[in-house]
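K.L.:
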Amino acid sequence: MVLCTLRHQLLKSSRCCGSTVRLLQRKSSGCVYSSIHGFDKEEIRQKLQAFPGGSIDLLKQDSGIAVLTINNPSRMNAFSGSMMVDLEERVTELEDWADGKGLIVQGAAGTFSSGSDLNAVRAISNPEDGMKMCMFMQNALTRLLRLPLISVALVEGKALGGGSELTTACDFRLMASDSVIQFVHKHMGLVPGWGGASRLVRIVGSQAALKLLGGAIKVDSELGLNIGLADDVLEANEAAAGGETRLQQAEKWLSRYTKGPAPVIQAVKRVVLSGRELPLSDALRAEKDVFGTVWGGPANLQALAKNSKHK
Ligand SMILES: CCCC(=O)SCCNC(=O)CCNC(=O)[C@H](O)C(C)(C)COP(=O)(O)OP(=O)(O)OC[C@H]1O[C@@H](n2cnc3c(N)ncnc32)[C@H](O)[C@@H]1OP(=O)(O)O
1 MVLCTLRHQL LKSSRCCGST VRLLQRKSSG CVYSSIHGFD KEEIRQKLQA
51 FPGGSIDLLK QDSGIAVLTI NNPSRMNAFS GSMMVDLEER VTELEDWADG
101 KGLIVQGAAG TFSSGSDLNA VRAISNPEDG MKMCMFMQNA LTRLLRLPLI
151 SVALVEGKAL GGGSELTTAC DFRLMASDSV IQFVHKHMGL VPGWGGASRL
201 VRIVGSQAAL KLLGGAIKVD SELGLNIGLA DDVLEANEAA AGGETRLQQA
251 EKWLSRYTKG PAPVIQAVKR VVLSGRELPL SDALRAEKDV FGTVWGGPAN
301 LQALAKNSKH K
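Right, dumping it as structure tokens:
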């Protein structure tokens with residue numbers, strides 16, 4: 001059901017103006033779960049709001065790169081219930097960002113996130129509420145990954161549990177040389193529930209995923225690079241990075257891939273997204289449709305005009 005919804009929405013995208021494409025992208029980017037799965041978004045939002053604390057802050061920059069910060073430093077950026085609701089609202093804002101090209105997800109105070117707030121976990125530890133929280137977070141993180149923006153998780157300090165799962169909901173992971181990603185779920189008598197296992201298998205392969213989950217292995221930046229979980233390592237400190245903060249290093253890294261008009265960069269993400277998620281024939285048709293949104297568009301015509309001068 002979800003796959004054909006995504007396919008149907010992506011295939012329709014070519015005959016639409018930009019804003020409709022974004023709307024379809026929002027619909028298509030979405031939800032893994034809906035009412036047919038017994039998922040009542042408003043009901044779980046209310047439940048989650050009962051666990052306040054921290055925030056998810058969003059800074060959209062003129063460069064077209066946004067910075068999303070997990071901000072709960074007194075609890076090692078653990079996700080309270082209200083932060084889960086915040087996250088979904090920030091993703092909705094990003095789905096509507098016409099000038100967006102890239103996204104950096106980071107934690108406040110030099111650490112990424114220690115996962116779900118254990119106080120909230122204790123309070124909703126019955127299986128029914130737990131699965132509703134999972135469906136809410138899987139929807140939010142799937143939409144995050146499907147944003148028409150090139151996304152990077154900037155991992156400093158520790159990314160544990162749900163925090164490690166959040167890193168897999170970005171296209172790339174940049175690890176500070178002294179940081180750790182650890183799927184600690186086994187120690188909690190759990191397995192990932194925010195979609196982290198499904199995405200991890202696609203990033204590192206099933207054998208490595210089995211080791212990381214079964215062994216609750218601490219992935220440092222060296223191991224992360226070796227297994228493909230990390231896409232690059234950031235300098236340990238500003239001195240080593242010529243005075244650049246880690247966020248500046250991450251923005252410099254990401255800007256290599258976001259130079260150009262927003263519609264073109266968004267189309268790049270869309271064609272890779274359909275190649276990553278759809279069966280080949282559908283992916284080819286989706287690619288043709290996305291191609292139709294940029295062929296003869298302003299950036300294409302401008303490039304043609306520039307080239308004609310060289311003759
Ligand atoms: C589907 C998702 C499932 C999940 O994510 S389940 C949660 C998985 N996460 C964890 O088990 C990590 C729990 N936290 C830890 O192991 C440690 O706090 C951690 C992150 C290694 C940091 O250790 P330390 O540097 O020694 O710092 P600390 O333990 O004193 O923590 C400082 C304050 O932060 C709090 N904190 C850290 N992680 C939390 C969490 N997940 N939920 C709620 N509170 C959390 C911790 O209780 C402490 O607070 P306080 O200063 O004692 O009031």
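Each residue of the sequence shown is one higher than the last, beginning at 1 in UniProt numbering.
Glycine is no exception: its CB is placed at the ideal position from the N, C-alpha and C atoms.
Measure the alpha-carbon distance for Ser281 versus Phe172 and round it to whole angstroms.
P.N.:
So the alpha carbons of these two residues sit roughly 26 Å apart.
K.L.:
Should Gly162 be listed as close to ligand 1, given that the test is whether its C-beta is under 7 Å from any heavy atom?
P.N.:
Result yes, Cβ under 7 Å from ligand 1.
K.L.:
If you reduce the DSSP assignment to three classes, tell me which class Lys60 lands in.
P.N.:
Three-state result, Lys60: strand.
K.L.:
Using three-state DSSP, classify residue 312 as helix, strand or coil.
P.N.:
There is no way to answer for residue 312, as the model of the chain reaches only from 1 to 311.
K.L.:
Does the CB of Arg276 have a neighbour CB from chain B at under 8 Å?
P.N.:
Within the model displayed, chain B is absent; a lone protein chain is all it includes.
K.L.:
Could you tell me which of Ala230, Leu247, Asp232 and Asp231 sits nearest to Ala238, measuring between CA atoms?
P.N.:
Reading off the sequence shown, one finds Glu at residue 238, where the question assumed Ala. Cα-wise, what sits closest to Glu238 is Leu247.
K.L.:
For Ala299, which residues in the same chain have their Cβ closer than 8 Å to its Cβ, ignoring the five residues on either side in sequence?
P.N.:
Excluding sequence neighbours, Ala299 sits near Gly260, Pro261, Pro263 and Val264.
K.L.:
What residues are listed by DSSP as bridge partners for Arg173?
P.N.:
In DSSP, Arg173 forms a bridge with Ala153.
K.L.:
Would the C-beta of Arg75 count as close to ligand 1, meaning under 7 Å from any of its heavy atoms?
P.N.:
Yes, the beta carbon of Arg75 sits closer than 7 Å to at least one heavy atom of ligand 1.
K.L.:
Under the DSSP definition of a beta bridge, which residues are partnered with Asp220?
P.N.:
Beta-bridge pairing links Asp220 to Val180.
K.L.:
Express the C-alpha separation of Ser274 and Leu58 in angstroms, rounding to a whole number.
P.N.:
Taking the straight line from one Cα to the other gives about 26 Å.
K.L.:
Compute the beta-carbon to beta-carbon distance between Phe51 and Asp129, rounded to the nearest angstrom, for a pair I have assumed lies under 8 Å.
P.N.:
Not a contact, Cβ separation roughly 11 Å.
K.L.:
Going by the C-beta, is Gly193 closer than 7 Å to any heavy atom of ligand 1?
P.N.:
It does: the Cβ of Gly193 is within 7 Å (strictly closer) of some heavy atom of ligand 1.
K.L.:
Ignore the nearest five residues each way along the sequence and tell me which others in Lys218's own chain have a CB closer than 7 Å to its CB.
P.N.:
Cβ neighbours of Lys218 beyond the five flanking positions: Val180 and Gln182.
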